[in-house]
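Here's the structure, in structure tokens; my notes come after.
Now the structure itself:
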């Protein structure tokens, strides 16, 4: 039985994965209140916008918030049409060191959510490029998934995700660093 089949049986059918982690766009204040009520208290914000700058009146008490900024180059690259064997070189070439470290911080926070089974959300502005790339790398690293299985899970979690060769390269870069 493949790794994905095991995860399909244990997580997807029971919706456990979606209870642990989801991928979305920038949340509105009422959505944040709903997240708090449902216990989804771990937020990984890679939108490049501080929630408190957008919503200064917002009370984030009780949330564990990780906010990082890096360019959304993932959607500027073509979507993958088939799996390849990515090289981390593309990620290193496209992102300066400070943005690589910001990506690593976001992936580490998402890995913590996956490893502990706590409830969280990874979000960027639209939930299409950066958040899926972070979650892809976290699934690969935290659950030791083959990249192809992690991509399939992303497609289930967020069908509109734009998974590009650069997304794969970033996930490979994190994998090589044993996050």
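In my numbering, the protein residues as written are 78 to 256.
All C-beta atoms, glycine included, are put in the ideal place defined by N, C-alpha and C.
{"Check": "Hey, out of 156, 246, 176 and 122, whose CA is closest to residue 236's CA?", "Outcome": "156"}
{"Check": "Among 253, 216 and 150, whose alpha-carbon lies nearest the alpha-carbon of residue 100?", "Outcome": "216"}
{"Check": "May I ask you to report which of helix, strand or coil DSSP gives residue 205?", "Outcome": "coil"}
{"Check": "Tell me the DSSP secondary structure of residue 127 in three-state form.", "Outcome": "coil"}
{"Check": "By the three-class DSSP mapping on this structure, what secondary structure does residue 151 have?", "Outcome": "helix"}
{"Check": "Using the beta-carbon count (16 or more within 10 Å), is residue 122 buried or exposed?", "Outcome": "buried"}
{"Check": "Using 8 Å as the threshold, is the C-beta distance between residue 179 and residue 146 below it?", "Outcome": "yes"}
{"Check": "Pull up the CB-CB distance for residue 128 and residue 118, whole angstroms please, since I reckon it's below 8 Å.", "Outcome": "Residue 128 to residue 118, Cβ: 14 Å. No contact."}
{"Check": "Taking the straight line between their C-alpha atoms, what separation do you get for residue 96 and residue 116?", "Outcome": "10 Å"}
{"Check": "Kindly indicate the opening and closing residues of the alpha helix (DSSP H) around residue 180.", "Outcome": "174 to 193"}
{"Check": "Tell me, to the nearest whole angstrom, how far the beta carbon of residue 163 is from that of residue 230; I am working on the premise that it is less than 8 Å.", "Outcome": "That pair is no contact at about 17 Å."}
{"Check": "Leaving out five residues on either side along the sequence, give the residues of the same chain with a beta carbon under 7 Å from the beta carbon of residue 210.", "Outcome": "151, 244 and 247"}
{"Check": "Report the residue from 148, 241 and 181 whose alpha carbon sits nearest the alpha carbon of residue 202.", "Outcome": "148"}
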